[in-house]
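S.K.:
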Amino acid sequence: MPTIQTQVPLPPLKDLTDDNITENTVIVNNQSSSPRLRYLFNRLVTHLHDFAREVRLSEEEWIAAIMFLTACGQICTDTRQEFILLSDVLGLSCLVDAMNHPKPANGTAGTVLGPFHTHDALEFEQGESICSSGKGEPALVRCKVTDTSGNPLAGVSVDIWETDETGHYDTQYADRAGPDCRGILTTDREGRITFKAIRPVSYPIPHDGPVGKLLERLGRHPYRPAHMHFKFIKDGFDVLVTSLYIRGDAYETTDAVFGVKSSLIVDLEHISDEDLAQEYELSPEDWLLEYDFVLVSDQEATELKIKNAERALKTLGVTVAVVDGLPIDAIE
Ligand code: BEZ
Ligand code: FE
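To convert, count from 1 in the sequence shown and add 82; that's the numbering used here.
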């Protein structure tokens with residue numbers, strides 16, 4: 083028998099009741115040498131048990147939940163992540179993003195990454211199209227990237243991805259030949275990127291699996307409003323994952339994954355200007371999308387994260403040690 087190292091004297095774990103099972107489960111988990119893991123599992127077990135007590139969880143419901151999670155696992159592949167989808171539709175992804183990437187008032191809001199970002203997007207030059215020809219309604223996209231003081235940021239890597247005109251990402255096609263409707267541009271000296279793409283359309287999140295069935299049972303639709311995804315990376319700055327949403331979309335206020343923020347809704351106009359259209363070999367009738375993004379420095383984000391953590395814990399009436407904005411169980 084291996085020897086179990088215990089940091090705390092263990093009570094005899096028998097004859098446990100619904101009144102003391104929680105306390106004893108926490109004690110046995112406290113053998114972990116990680117203060118953060120101890121805190122996470124203390125709170126997880128406490129909330130999970132209280133949930134079961136409060137709803138008087140029936141055996142049928144307990145097994146239904148187990149079968150649901152099993153089905154989520156079974157449908158997962160290298161390109162299908164049902165658990166992230168579950169986190170998205172439960173609003174957890176939105177919450178985790180907001181806590182981990184806080185923004186000052188003038189920082190561009192972040193939003194859900196979603197499951198369709200890939201690591202094989204090609205690099206494009208200014209003015210090129212990230213979509214292969216024949217896709218959707220052409221759109222010229224012009225963006226500027228600055229810091230929170232308004233200084234243009236050169237050399238920012240900007241990863242962009244969107245669906246085709248049918249609402250499918252390239253990765254959703256079995257015969258995908260390579261990346262399409264996605265690309266990486268780097269901001270110029272003035273912090274600008276200009277590229278061609280297509281007018282975004284609304285589309286349903288993958289809903290042929292357990293999460294889709296759950297949405298149906300909850301009386302919810304699976305649609306996301308039309309959007310284009312962006313991910314900004316620059317040394318010294320907090321990574322910004324966000325999207326721009328097209329104003330007036332039918333799903334603007336009922337996004338299945340809670341990603342829409344007013345500050346990210348943009349007007350899609352016609353290019354109109356003949357010279358501008360000609361410069362990019364487009365027609366004045368094609369679409370124009372313009373937006374200025376503001377990145378938050380690592381230091382600003384870290385300070386804000388710690389401040390927000392302290393305020394949230396105070397509001398919850400929790401008094402614990404906090405290290406780097408994360409509460410821990412400091413008792414050794
Ligand atoms: C997306 O916008 O690509 C997305 C986000 C969350 C879940 C599914 C799709
Ligand atoms: Fe999307």
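Just so it is clear, CB atoms sit at the ideal spot from N, CA and C, and this is done for glycine as well.
Going by C-alpha distance, which of S116, I157, S115, D100 is nearest L130?
M.R.: Position 48 of the sequence shown, counted from the first residue, corresponds to residue 130. Comparing Cα positions, the closest option is D100.
S.K.: To the nearest angstrom, how far is the alpha carbon of A394 from that of F312?
M.R.: To locate residue 394, count along the sequence shown from 1; it is residue 312. To locate residue 312, count along the sequence shown from 1; it is residue 230. Computed Cα separation, rounded: 29 Å.
S.K.: Rounded to whole angstroms, how far is the Cβ of A338 from the Cβ of R302, which I believe are closer than 8 Å?
M.R.: Position 256 of the sequence shown holds residue 338. Position 220 of the sequence shown holds residue 302. With 8 Å as the limit, A338 and R302 qualify as a contact, their Cβ atoms being about 7 Å apart.
S.K.: Start and end of the alpha helix (DSSP H) containing V127?
M.R.: In the sequence shown, the residue the question calls residue 127 occupies position 45. It spans 117 to 137 - the alpha helix (DSSP H) in which V127 sits, taken as one unbroken run.
S.K.: Once you ignore the five residues that flank I157 on each side, which residues in its own chain have a CB closer than 8 Å to its CB?
M.R.: Here residue 157 refers to the residue found at position 75 of the sequence shown. Answer for I157: E164, G291, P292, listed in chain order.
S.K.: What residue from S379, R264, V402 has the CA that sits closest to V227's CA?
M.R.: Along the sequence shown, one-based indexing puts residue 227 at 145. The shortest C-alpha separation from V227 is found at S379.
S.K.: Quick one: residues in its chain with C-beta nearer than 7 Å to the C-beta of D262, no 5 flanking neighbours on either side, listed in chain order?
M.R.: Residue mapping note: residue 262 aligns to position 180 of the sequence shown, counting from 1. Here the set comprises C213, S214, D252.
S.K.: Rounded to whole angstroms, what is the Cα-Cα separation between G418 and L358?
M.R.: No answer is possible for residue 418: it lies beyond the span of the chain, which begins at 83 and ends at 414.
S.K.: Identify whether P307 lies in helix, strand or coil by the three-state DSSP scheme.
M.R.: In the sequence shown, counting from the first residue as 1, residue 307 sits at position 225. If DSSP states are grouped into helix, strand and coil, P307 belongs with coil.
S.K.: Hey, out of G249, A279, R274, whose CA is closest to I287's CA?
M.R.: For the purposes of this step, residue 287 is taken as residue 205 along the sequence shown, with counting starting at 1. The residue with the shortest Cα to Cα distance from I287 is G249.
S.K.: Quick check on DSSP: helix, strand or coil for T85?
M.R.: Within the sequence shown, the letter at position 3 stands for residue 85. At T85 the pLDDT is 43, less than 50, meaning the model places this residue with poor confidence and gives no usable figure here.
S.K.: Any heavy atom of the ligand BEZ inside 6 Å of the beta-carbon of R306?
M.R.: Position 224 of the sequence shown, counted from the start, is the residue given in the question as residue 306. Yes, Cβ of R306 sits closer than 6 Å to a heavy atom of the ligand BEZ.
S.K.: By DSSP's criteria, C379 is part of a beta bridge. Which residues make up the other side?
M.R.: Working through the sequence shown from its first residue, we reach residue 379 at position 297. The residue asked about is misnamed: residue 379 is Ser in this sequence, not Cys. F319.
S.K.: Kindly indicate which residue of H352, T159, L326 has the alpha-carbon position closest to the one of A308.
M.R.: Working through the sequence shown from its first residue, we reach residue 308 at position 226. That would be L326, whose Cα lies nearest to the Cα of A308.
S.K.: Use the C-beta contact count for V240: other C-beta atoms within 10 angstroms, 16 or more gives buried, fewer gives exposed.
M.R.: Locating residue 240 in the sequence shown gives position 158, counting from the first residue. It is buried - the Cβ of V240 has at least 16 other Cβ atoms within 10 Å.
S.K.: Rounded to whole angstroms, what is the Cα-Cα separation between A134 and Y305?
M.R.: On the sequence shown, position 52 is the one that residue 134 refers to. On the sequence shown, position 223 is the one that residue 305 refers to. Cα-Cα distance, rounded: 31 Å.
S.K.: Keeping to the same chain, check which residues put their C-beta closer than 8 Å to that of V108; ignore five residues upstream and five downstream.
M.R.: For the purposes of this step, residue 108 is taken as residue 26 along the sequence shown, with counting starting at 1. The answer, listed in chain order, is F123, N124, V127, T128.
S.K.: Does the beta-carbon of G249, which I'm using as the reference point, lie nearer than 6 Å to any heavy atom of the ligand FE?
M.R.: One-based indexing of the sequence shown puts residue 249 at position 167. Checking the Cβ of G249 against the ligand FE gives no.
S.K.: Measuring only from the beta carbon, is G196 closer than 6 Å to any heavy atom that is part of the ligand FE?
M.R.: Position 114 of the sequence shown, counted from the first residue, corresponds to residue 196. For the ligand FE, at least one heavy atom lies less than 6 Å from the Cβ of G196.
S.K.: From the DSSP secondary-structure annotation, give me the bridge partner or partners of I148.
M.R.: Your numbering for residue 148 matches position 66 in the sequence shown. Per DSSP, none; premise fails for I148.
S.K.: With distances taken from CA atoms, which of Y255, A279, A236 is nearest R224?
M.R.: For this step, residue 224 is matched to residue 142 along the sequence shown. The shortest Cα separation from R224 among Y255, A279, A236 belongs to A279.
S.K.: Roughly how many angstroms lie between the CA atoms of F198 and Q254, to the nearest whole one?
M.R.: For the purposes of this step, residue 198 is identified with residue 116 of the sequence shown, where counting begins at 1. For the purposes of this step, residue 254 is identified with residue 172 of the sequence shown, where counting begins at 1. Going from the Cα of F198 to the Cα of Q254 covers about 9 Å.
S.K.: Taking 6 Å as the cut-off, is the C-beta of I287 nearer than that to any heavy atom in the ligand BEZ?
M.R.: One-based indexing of the sequence shown puts residue 287 at position 205. For the ligand BEZ, at least one heavy atom lies less than 6 Å from the Cβ of I287.
S.K.: Decide yes or no for the touch test of the region 177 to 192 against the region 386 to 406: beta carbon pairs closer than 8 Å, at least 3 of them.
M.R.: Segments in contact, yes.
S.K.: Excluding sequence positions up to five away, which residues of its chain have a Cβ less than 6 Å from the Cβ of E272?
M.R.: Mapped onto the sequence shown, residue 272 falls at position 190. Result list for E272: P234, in chain order.
S.K.: Just to check my reading of the structure: W369 and L350 have Cβ atoms closer than 8 Å, yes? What is that Cβ distance to the nearest angstrom?
M.R.: Mapped onto the sequence shown, residue 369 falls at position 287. Mapped onto the sequence shown, residue 350 falls at position 268. The Cβ separation is near 5 Å, so the contact holds.
S.K.: Indicate the three-state DSSP secondary structure (helix, strand or coil) for A359 in the structure shown.
M.R.: In the sequence shown, the residue the question calls residue 359 occupies position 277. A359 falls in the helix class under three-state DSSP.
S.K.: Can you tell me which of the three DSSP states P197 falls into?
M.R.: What you label residue 197 is simply residue 115 of the sequence shown in a count that begins at 1. Coil at P197, not helix or strand.
S.K.: Please determine, among E143, A147, L172, G260, the residue with the shortest C-alpha to C-alpha distance to H201.
M.R.: In the sequence shown, residue 201 corresponds to position 119, counting from 1. Here the closest residue by C-alpha is G260.
S.K.: Below 7 Å between beta carbons: does that hold for G209 and T276?
M.R.: Sequence index remark: in the sequence shown, residue 209 carries index 127 (1-based). Sequence index remark: in the sequence shown, residue 276 carries index 194 (1-based). It is a contact, given that the beta carbons lie within the stated cut-off.
S.K.: Looking at the secondary structure, which residues open and close the beta strand (DSSP E) in which T269 lies?
M.R.: Here residue 269 refers to the residue found at position 187 when the sequence shown is read from its first residue. Counting along the chain, T269 falls outside any beta strand (DSSP E), and DSSP gives it neither H nor E.
S.K.: Report, in whole angstroms, the separation of the C-beta atoms of T324 and G192, which I expect to be a contact under 8 Å.
M.R.: One-based indexing of the sequence shown puts residue 324 at position 242. One-based indexing of the sequence shown puts residue 192 at position 110. With 8 Å as the limit, T324 and G192 qualify as a contact, their Cβ atoms being about 5 Å apart.
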